[in-house]
Amino acid sequence: MQPTRDDPPVLSICVPTFNRARYLECLLEDLASTIGELGCSYELLIGDNASEDDTPEVVKRFEDRLAIRQFRRAANVGAYQNLSQLFSSAQGRYLVYLADDDLLIPAVLGRYVAYLESHPAVGAVFAPWFIHDRVAGEDVQLFYTVAEDTAIAAMDHRALFDLLVDGHIFPEIYVARTSLMRQVAIGISPFAFFFFVQIAAMVDRAAVTFSPEPFYRQVSRYFADASRAQAGIEEVKVGWDRYRGGLEHILSRFAPTLSAEELNWCHRAIDRFTRVRMYVGLRLRTEEEKNWVDNYYIASRLRCIGDDSLLPAPYESYRINAALEYLLGLQPFYPEEATIAYYLDDPPRLLSQAHGFATAGLVPVGDRSGHLPGNVILLVSRERGPTGTAAFVISEDELLARFP
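When the letters of the sequence shown are read in order and numbered with my numbering, they come out as residues 4 to 407.
Written out as structure tokens, the structure is:
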């Protein structure tokens, strides 16, 4: 259902994009075939952040099938500003964000719009979302769950806090009143998770509802022949202190009303929430098999509560891989590049437990009698030292001692 010239749309669907014409075309094709299930008038706002591919041509091909308003930026203004400008340009009573590489479930979204129409005190409806494998054509899992419709009254930040920490909920997917979103427009801070800060501002002004049925699909695998970075995945690999900061921001809204015991419980809940996200982040990083020095320090932080079972891999593997990554990055002979070598009759034991380092720049040397070049770092075992000569010698024990 498309709006007429004199009748503004009920819903604004806001899609920021940059150089993702292939993904955007699939999204628009999906919307063209399902948008009739929405049940209300809409506009589709596309913010083209100065794309250099054929994004404008893709959009043009769908202008007769979808109610599109295209905004082509003269220069790339950044992802957040691009979306903010779409929110500012929205003409609908309600708005929803849609990534250019994700999918909507319009029938469910339409029911939430109808709910907002009949509940004027509610400013937004939040819902979990599916992790979706587009190649396999299946929903893999829900990102979080809520058992039933749960209302959070305006100014009830305690109820909001309890719901978020108990359900491990991320309030990222929602349909909201456009007027409310303009009141809570804020910038992104590195010290507090944006969506926790945003929902706190929403609850300052209106009630919100959490509903169990998803209207959004976050696509984890889009094409069989391509992979892409996803903002949410990248966030969880580094953003634990931002999660903490966002929850502490919500807690600050009602902390003065709590007893010392209640406040202590809230801080423990934040600790638990942060540890879970840190574990997830470390698991993802471990699967990537890189940045081992960083992973070692994350593992150390998780290990500090005294339970190695919280680690995605044995702690020793983080030590060993961090030690080897450190070794491979040494450049004591700069500007001449270092060569890292070991004797064939004294192979490093660390290599048998290493991930991705077995052939990564370590050079085997068979003849102990020869003189080693001056740019060689020689790695020796715990028991045996070299019989040849090298300008820089390090044992496995010395190497591991740097990562206790």
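Every residue, glycine too, gets a C-beta built ideally from N, C-alpha and C.
In this text the structure is predicted, and so the values were computed from the model without any measurement.
Span of the beta strand (DSSP E) holding residue i?
i      : result
GLU141 : 141 to 145
SER398 : 395 to 398
VAL125 : 125 to 129
ARG180 : 177 to 180
ILE155 : 153 to 155
For residue i, which residues in the same chain have their Cβ closer than 6 Å to its Cβ, ignoring the five residues on either side in sequence?
i     : result
GLY42 : GLY113
PHE21 : ASN52 and SER54
ARG76 : ASN52 and ALA53
ALA24 : ASP56, ASP57, THR58 and VAL61
Taking a contact to mean a Cβ-Cβ separation below 9 Å, would you say residue i touches residue j in this structure?
i      : j      : result
GLU175 : PHE198 : yes
THR58  : ASP152 : no
ASP105 : ALA272 : no
HIS171 : VAL206 : no
TYR177 : VAL128 : yes
SER320 : GLN356 : yes
LEU365 : LEU347 : no
VAL18  : GLY50  : yes
ARG405 : ALA316 : no
LEU48  : ARG72  : yes
PHE395 : LEU333 : yes
VAL200 : GLY249 : yes
ARG245 : ALA195 : yes
TYR337 : LEU382 : no
HIS358 : TRP268 : no
THR181 : SER44  : no
GLU339 : ASN378 : yes
ALA210 : ALA156 : yes
GLU399 : ARG322 : no
MET184 : PHE257 : no
TYR26  : VAL138 : no
TYR83  : ALA179 : no
Name the one or two DSSP bridge partners that residue i has.
i      : result
HIS135 : ASP142 and VAL222
HIS160 : Paired residues: none, contrary to the question.
ALA344 : VAL366 and LEU381
PHE74  : GLY50
SER192 : ALA195
PRO19  : GLY50
ALA210 : VAL125
HIS270 : Paired residues: none, contrary to the question.
TYR45  : LEU14
LEU106 : ARG220
ALA229 : PHE226
Just how far apart, CA to CA, sit residue i and residue j?
i      : j      : result
MET281 : LYS63  : 43 Å
TRP132 : GLN221 : 7 Å
PHE218 : GLY95  : 18 Å
ALA214 : ALA110 : The question names Ala, but residue 214 is Ser in the sequence shown. Distance between the alpha carbons of SER214 and ALA110 is about 15 Å.
PHE65  : VAL80  : 25 Å
GLU141 : PRO259 : 47 Å
ASP349 : ILE380 : 15 Å
TYR147 : LEU167 : 10 Å
SER87  : ALA188 : 8 Å
ASP10  : SER92  : 16 Å
ASN85  : ARG288 : 29 Å
PHE74  : LEU31  : 16 Å
LEU331 : SER384 : 16 Å
PRO376 : ILE343 : 11 Å
LEU254 : ALA263 : 13 Å
LYS293 : LEU261 : 44 Å
Specify, as a first and last residue, the run of the alpha helix (DSSP H) that residue i falls within.
i      : result
ARG304 : 295 to 306
ARG247 : 243 to 255
ILE323 : 318 to 331
TYR115 : 109 to 121
TYR423 : No answer is possible for residue 423: the residues shown for the chain start at 4 and end at 407.
LEU34  : 24 to 37
SER87  : 82 to 92
Might you give, ordered along the chain, the residues of its own chain that have their beta carbon closer than 7 Å to the beta carbon of residue i, omitting 5 neighbours on each side?
i      : result
ARG68  : ALA35
SER223 : ILE134, HIS135, ASP136 and VAL143
Within a Cβ cutoff of 8 Å, which residues of the same chain sit near residue i, ignoring the five residues on either side of it in sequence?
i      : result
ALA78  : ALA53
HIS252 : ALA195, PHE199, VAL200 and ALA203
ALA117 : GLY42 and CYS43
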